[in-house]
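Peer 1: Numbering (the working numbering), first residue to last: 64 to 258. Where a beta carbon is used, it is the ideal one built from N, C-alpha and C, also for glycine. Note that the coordinates shown come from a computational prediction; the quantities given were computed from them, not determined experimentally.
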Amino acid sequence: MSGSSPAHTPAPHGGNPVLLAIGFISKLSGIAAALLIVISIGVTCQMIFIRFVLNGSTVWQTEGVTYMMVAATMLGLPYVQYLRGHVNVDLLPLLLPEFMRKGLALVVLLVTIAVVALMFWHGYHFWHEAWDWGETSNTPWNPKLWVPYLALPLGFGLYLLQLVADLIAVVFRVEEPFGLEPGATLADSVTEAAE
């Protein structure tokens, strides 16, 4: 869950080894996503060089870059959650009394976990069908589709893991609901924004 804390503040772990391990996995996922983006840029530059300098044709580059960018997006999900980088609107939590914030945070996390679990389940079936049927892309490159489709269950599964860690952190008070300081109010937030 995001909060009014500064950007790129990692999820607190409070010394809990499980939360620490999940945070480490989310960081590795973020590194993999960043590497995929860098590789995609390199492949795009290579494709431009072949097409416009050497006047040659390309077979796999466009499709490969598309698959890498989708994988980078999926693998970036847990890392962005770990850094609290997803969009968050604090209006309702700031309007609620402090004792109700935890309840709202738990409802939001549980609904998010349910939706992401559903996406994980469908992503897994999508990947498994491609694996089981030996599906290919029917393009000149013709790669096996289970390879790029693996990003769906992997990304959503790791995102789900980070969300469960966030739920544990809120339940055991390792993190305050919505990352808000105890006693924070809407007036405090408006004053802080005005400064």
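By Cβ distance, which residues of its chain are closer than 8 Å to Val-106, with the 5 residues on each side in sequence left out?
Peer 2: Within the sequence shown, numbered from 1, the residue matching residue 106 stands at position 43. Gln-124, Gly-127, Val-128 and Met-131, listed in sequence order.
Peer 1: With DSSP collapsed to three states, give me the class of Thr-175.
Peer 2: Against the sequence shown, residue 175 aligns to sequence position 112. DSSP places Thr-175 in helix when its eight states are reduced to three.
Peer 1: Please list, in chain order, all residues of the same chain as Pro-203 whose beta carbon is under 7 Å from its beta carbon, the five residues on each side excluded.
Peer 2: Here residue 203 refers to the residue found at position 140 when the sequence shown is read from its first residue. The beta carbon of Pro-203 sits closer than 7 Å to the beta carbons of Val-122 from its chain, once the five residues preceding and following it are set aside; these are given in chain order.
Peer 1: Would you call the stretch 220–240 and the stretch 171–179 in contact, with 3 or more CB pairs under 8 Å?
Peer 2: yes
Peer 1: Give me the DSSP bridge partner(s) of Lys-207.
Peer 2: For the purposes of this step, residue 207 is taken as residue 144 along the sequence shown, with counting starting at 1. For Lys-207, which the question treats as bridged, DSSP gives the partners Thr-199.
Peer 1: Measure the alpha-carbon distance for His-188 versus His-76 and round it to whole angstroms.
Peer 2: Taking the first residue of the sequence shown as position 1, residue 188 is located at position 125. Taking the first residue of the sequence shown as position 1, residue 76 is located at position 13. Each residue's Cα considered, the two are about 33 Å apart.
Peer 1: Using three-state DSSP, classify His-76 as helix, strand or coil.
Peer 2: The residue labelled residue 76 in the question sits at position 13 within the sequence shown. His-76 falls in the coil class under three-state DSSP.
Peer 1: In whole angstroms, what separates the C-alpha of Leu-157 from that of Ala-168?
Peer 2: Taking the first residue of the sequence shown as 1, we reach residue 157 at position 94. Taking the first residue of the sequence shown as 1, we reach residue 168 at position 105. Whole-angstrom Cα-Cα distance: 12 Å.
Peer 1: Using 8 Å as the threshold, is the C-beta distance between Val-143 and Ala-214 below it?
Peer 2: Within the sequence shown, the letter at position 80 stands for residue 143. Within the sequence shown, the letter at position 151 stands for residue 214. Result no, Cβ atoms of Val-143 and Ala-214 do not sit closer than 8 Å.
Peer 1: Hey, would you say Pro-216 sits closer than 8 Å to Trp-190, going by beta carbons?
Peer 2: As a first step, residue 216 must be located in the sequence shown, where it is residue number 153. As a first step, residue 190 must be located in the sequence shown, where it is residue number 127. In contact: Pro-216 and Trp-190 (Cβ atoms closer than 8 Å).
Peer 1: According to the neighbour-count rule (16 or more other Cβ atoms, all chains shown, within 10 Å of its Cβ), is Val-210 buried or exposed?
Peer 2: Counted from its first residue, the sequence shown places residue 210 at position 147. Of the residues assessed, Val-210 falls on the exposed side of the cut-off, its CB having fewer than 16 other CB atoms within 10 angstroms.
Peer 1: Three-state secondary structure (DSSP) at Val-237?
Peer 2: Counting from one through the sequence shown, the residue named residue 237 turns up at place 174. The answer is coil: DSSP assigns Val-237 none of H, G, I, E or B.
Peer 1: In chain order, what residues of the same chain have a beta carbon less than 6 Å from the beta carbon of Ser-92, not counting five sequence neighbours either side?
Peer 2: In the sequence shown, the residue the question calls residue 92 occupies position 29. So the list reads Leu-138, Pro-141, Tyr-142 and Leu-221, once near-sequence residues are dropped.
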